[in-house]
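Residue numbers (my numbering): 1 to 228.
Every residue, glycine too, gets a C-beta built ideally from N, C-alpha and C.
Just below is one structure, and these are the notes that go with it.
Encoded structure:
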C-alpha cells in the first residue's frame with residue numbers, strides 16, 4: 001500500500017494503481033485490485049467533501065462546487081447499486097463495440113462488480129469514518145502550523161481550508177493537484193488575514209509534510225525488484 005504513494009504525483013493519483021502489480025504476486029486479480037483502487041479514490045473524495053463542508057457556511061462562494069461534486073458522488077453511489085443499469089451498459093457496449101473489445105468489456109464489468117462490493121452500507125460508513133479521520137489529521141496539521149506561527153484561525157476553518165483546497169486540486173486533474181491546491185490554499189489563508197508571504201510559507205510546509213512526505217515514503221517502500 002505504501003509503495004503506491006511513490007506515484008501519487010499523477011492525475012487523480014492514478015499512479016497509485018501500481019499496487020495492483022504488487023497484489024498480483026499475492027493472487028489478487030487486476031479486476032479486483034482495480035475495483036478496490038477506484039473505490040478508494042471515491043472514498044477519499046467523500047471524505048474530502050465532508051471536511052470541506054465543515055466551514056462552508058462561512059464561504060458561500062464555494063457552495064456550488066461542493067454541491068455539484070457531492071451530487072455526482074451520490075449519483076455514482078446510486079448508479080453502481082442498480083444491477084439493471086450495469087447490465088444495460090454491458091449489452092449496449094457489446095452491441096456497439098467490435099468483438100475485439102469483448103475482453104475489455106468483461107474486465108470492466110468484473111472491475112465494476114468489485115468496485116460495488118466495496119460500497120455496502122457497513123463498508124461505506126466505516127470507510128468514511130476512517131477517511132475523514134485520516135484527511136482530518138492533515139487538516140489538524142495545518143491548524144497546528146498556523147497556531148505555531150501565531151495566526152488565529154480555528155480548527156474548523158483550518159479543516160475547511162485544507163479540505164476545500166484538496167477538492168479544487170483534485171478537480172483540476174493536475175498531477176497531485178499541484179497548482180490548484182496550493183493557489184486555493186494561499187487564497188483562503190489570505191482571506192483569513194494571513195499575509196501573502198506567510199500563506200505561501202504555510203502552504204509549502206503543509207504540502208511538504210503531507211504530499212511530498214508520502215511520495216518519499218512510497219519510494220522507500222518499493223520492493224527491491226521494482227527499484228531495479
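By alpha-carbon positions, which one of the options ends up nearest to residue i?
i: residue 309; options: 75, 124, 161; result: Given a span of 1 to 228 for the chain in the structure shown, any question on residue 309 remains unanswerable.
i: residue 20; options: 59, 74, 209, 3; result: 3
i: residue 247; options: 109, 48, 106; result: Within the shown structure, residues of the chain are numbered from 1 to 228, placing residue 247 beyond reach of any answer.
Take residue i and list the residues in its own chain whose beta-carbon comes closer than 7 Å to its own, dropping the five residues that flank it on each side.
i: residue 114; result: 31, 32, 35, 36
i: residue 83; result: none
i: residue 136; result: 51, 159
Alpha carbon to alpha carbon, how far is residue j from residue i? Give it in angstroms, no decimals.
i: residue 132; j: residue 50; result: 7 Å
i: residue 13; j: residue 38; result: 10 Å
i: residue 193; j: residue 159; result: 17 Å
i: residue 95; j: residue 112; result: 19 Å
i: residue 167; j: residue 223; result: 31 Å
i: residue 27; j: residue 205; result: 40 Å
i: residue 178; j: residue 172; result: 9 Å
i: residue 185; j: residue 97; result: 44 Å
i: residue 22; j: residue 157; result: 39 Å
i: residue 92; j: residue 73; result: 24 Å
i: residue 109; j: residue 86; result: 8 Å
Among the residues of its own chain, which have a CB less than 6 Å from the CB of residue i, if the five just before and after it don't count?
i: residue 183; result: none
Go through its chain and collect everything with a Cβ distance to residue i's Cβ below 8 Å, but skip five positions before and after it.
i: residue 214; result: 5, 8
i: residue 69; result: 45, 49, 167, 171
| Contiguous alpha helix (DSSP H) assignments of at least 4 residues, all confined to the segment 98-176 | Listed in chain order, the alpha helix (DSSP H) runs fully inside the segment 98-176 are 102-117, 121-148, 155-172, counting runs of at least 4 residues.
Taking only runs that begin and end inside the segment 196-222, name each unbroken beta strand (DSSP E) of 3 or more residues, in chain order. If we require 3 residues or more, the segment 196-222 turns out to have no beta strand (DSSP E) run fully inside it.
Open item on the list: Using a Cβ distance threshold of 8 Å, determine whether the segment 138-152 contacts the segment 186-206, with at least three qualifying pairs required.
Closed with: Flag = yes, the segment 138-152 and the segment 186-206 touch.
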